[in-house]
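Visitor: Going down the list, the sequences are from chains A and B. First residue of the first sequence? That's 399 in the working numbering, and the numbers climb one at a time after it. First residue of the second sequence? That's -17 in the working numbering, and the numbers climb one at a time after it. We put the beta carbon where it would ideally sit given N, CA and C, even for glycine. No experiment lies behind these values; they were computed from the predicted model shown.
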Amino acid sequence: GAVVSQHPSWVICKSGTSVKIECRSLDFQATTMFWYRQFPKQSLMLMATSNEGSKATYEQGVEKDKFLINHASLTLSTLTVTSAHPEDSSFYICSAKTGPYSNQPQHFGDGTRLSIL
Amino acid sequence: QKEVEQNSGPLSVPEGAIASLNCTYSDRGSQSFFWYRQYSGKSPELIMSIYSNGDKEDGRFTAQLNKASQYVSLLIRDSQPSDSATYLCAVTLKTSYDKVIFGPGTSLSVIP
C-alpha cells in the first residue's frame, strides 16, 4: 500500500520551456502532498506543501510564480516549472501522506530528473 | 544549530558487521521520527518509524529513540552490500505535524 507515482521520470528540454510534473497517490487519498528538490550530494529541500483544494504553502526562498503547484484532487498534485533555466536542473521528488497525523510517514514518488539545456 | 543533524560520513563497515547511524534534533517537541534509505539516483524509501522512547526492531533494523537526549539512531545488523546507500533521518516539527525536516544524510558503504 501507499504507492506514489510520479511522471515523467526524465525530462530534457530547452531553456525557456515550461515543464509539468505529476504526482499521484495510487491506492490512497492524499490531502497533503509535498514537493522536494535535491541537488547532487545534498539532502532533500522542501519546496512547498500542497493541500487539496487550496493554495500551496511555499518555503522561504522558493518562487511561487516560478514553481506553480496545483492540487486539484485527492490523488493528484502537479508542479509546473515555468520558463525553466539551466539552474532549475535538479531531481524533483514528490511525497504524500496517508493522513494528517504526525505519526503517518511520507511516501515518495520515484522522482523526476529535470535537465535544462 | 541545524534542526536535524546526522553523523558525517561516509561510513564504511565490512559485510556482516553492525552499522550504527546517529541523528540528533533540536525541536524538543518533535513526536515522530523516521529513517529513510536512498540509493544513488533514486528517491527515498521508508525503513522505520519510531514514536516512543526505547528500541523498535524490524528484521535487521533497530531504531532507538531517546527524547530526553533528542537522539535517534538506526542499527543495521548483519550488514549486506545491498545496504550501501544514504540514510536520511526525518523528524516532525512540533509546530507543523504535516512537515518533516530531513537531516543531511549519512552515506553507508558495506564492503564485501
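Report the neighbours of A/I491 on chain B: residues whose CB is nearer than 9 Å to its CB, in chain order.
Guide: Within 9 Å Cβ-Cβ: S25 and P26.
Visitor: Let me see if you follow: with CB-CB separation under 7 Å, is A/L442 close to chain E or not?
Guide: Judged by its chain identifiers, the structure shown contains no chain E, and its protein chains are A and B.
Visitor: Going by DSSP, name the residue or residues bridged to A/P443.
Guide: Here residue 443 of chain A is Met; the residue named in the question, Pro, does not match the sequence. Paired residues: A/R435.
Visitor: Give me the Cα-Cα distance between A/S448 and B/Q(-12), rounded to the nearest whole angstrom.
Guide: Spanning the two alpha carbons is a distance of roughly 28 Å.
Visitor: Could you spell out where the beta strand (DSSP E) holding B/L28 opens and where it closes?
Guide: E27 to I32 is the extent of the beta strand (DSSP E) around B/L28.
Visitor: Closest by CA to A/Q436, which one among A/D486, A/N501 and A/V402?
Guide: Per the Cα distances, A/D486.
Visitor: Could you check where the beta strand (DSSP E) with B/S89 kicks off and where it finishes?
Guide: Per DSSP, B/S89 belongs to the beta strand (DSSP E) from T88 to I93.
Visitor: Alpha carbon to alpha carbon, how far is A/K412 from B/F84? Give it in angstroms, no decimals.
Guide: Straight-line Cα distance between these residues: approximately 32 Å.
Visitor: Once the 5 residues before and after A/P503 are set aside, which same chain residues still bring their CB inside 6 Å of it?
Guide: So the list is empty, once near-sequence residues are dropped.
Visitor: Determine which residues share a DSSP beta bridge with B/A72 and list them.
Guide: Paired residue(s): B/F16 and B/F84.
Visitor: Under 7 Å, CB to CB, which of the residues in the region 3 to 21 of chain B have a partner in chain A?
Guide: Answer in chain order: Q13, S14 and F16.
Visitor: Rounded to the nearest angstrom, what separates A/G459 and B/L(-7) at their Cα positions?
Guide: Roughly 32 Å between the two C-alpha positions.
Visitor: Just to make sure I have the definition right: I need the residues of chain B whose C-beta is within less than 8 Å of the C-beta of A/W488. Which are they?
Guide: With the sequence shown as reference, residue 488 of chain A is identified as Ser, and Trp is not the correct amino acid for it. Those within 8 Å of A/S488 in chain B number zero; the least Cβ separation is about 13 Å.
Visitor: Under the criterion of a Cβ to heavy atom distance below 6 Å, does A/E461 qualify as lining the ligand SAH?
Guide: Judged by which ligands are present, the structure shown has none, so any question about the ligand SAH falls away.
Visitor: When DSSP labels each residue in this structure, what does B/E39 get in the three-state scheme?
Guide: Three-state result, B/E39: strand.
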